[in-house]
Amino acid sequence: MSISEIGNENQLRTMGYDKTPDIILEVPVAVEGHIIHWIESKASFGDDHSHRTYLNEQFWSYWNRFGPGLVIYWYGFIEELDCQRDRGILLKDCFPTDIITLCHATQLEQMSESQKEDKE
Numbered sequence: 046m047s048i049s050e051i052g053n054e055n056q057l058r059t060m061g062y063d064k065t066p067d068i069i070l071e072v073p074v075a076v077e078g079h080i081i082h083w084i085e086s087k088a089s090f091g092d093d094h095s096h097r098t099y100l101n102e103q104f105w106s107y108w109n110r111f112g113p114g115l116v117i118y119w120y121g122f123i124e125e126l127d128c129q130r131d132r133g134i135l136l137k138d139c140f141p142t143d144i145i146t147l148c149h150a151t152q153l154e155q156m157s158e159s160q161k162e163d164k165e
């Protein structure tokens, strides 16, 4: 599955953005029932100090500019830090496998409609 993106970090910087997420999605996706517009990947463990620093210096800025997003900590994170989901910042320790795309939702609707037609 490929995810359409507006651009990578370097492309976005040339467009005038300072700090940017690793990926900004052209079409948002849903992860665990939450819509996300961007993904930030951290090759680190999400401990209390580093996560709070990232929240204040990066993640809330991304949220303000691009909407809700997903942060992937490669080496895990303290579970209690995943407390901003309702406000729009999800934490994961790997790339999610349960992504729902707009295309996927449209296909499901089409399947549902064709099943209704078959019954009629």
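Convert by adding 45 to the 1-based position in the sequence shown; the result is the number in my numbering.
Where a beta carbon is used, it is the ideal one built from N, C-alpha and C, also for glycine.
None of these values were measured; they are calculated from a predicted model.
CA-to-CA, the gap between HIS96 and LEU126 works out to about 8 Å.
The beta carbon of PHE90 sits closer than 7 Å to those of TYR118, TYR120, GLY121 and PHE122, all from its chain and outside the five residues before and after it, given in chain order. In this chain, SER89 is not harboured by any beta strand (DSSP E), its DSSP state being neither H nor E. Minimum Cα-Cα distance from ASP131 among the listed residues ASP67, GLU77 and ILE84 corresponds to GLU77. For TYR107, the uninterrupted alpha helix (DSSP H) segment begins and ends at 105 to 111. In the three-state DSSP reduction, GLU77 falls in the coil class, being neither helix nor strand. The bridge partners DSSP lists for PHE140 come to none. The DSSP-derived three-state label of TYR120 is coil. The beta carbon of ASP93 lies closer than 8 Å to those of ILE123 and LEU126 in the same chain, with the five residues before and after it left out. In this structure, the beta-carbon distance from GLY112 to HIS79 does not fall below 8 Å.
Looking at the backbone, the Cα of ASN101 and that of LEU147 are separated by about 31 Å.
Less than 8 Å separates the beta-carbon of LYS64 from that of GLN103.
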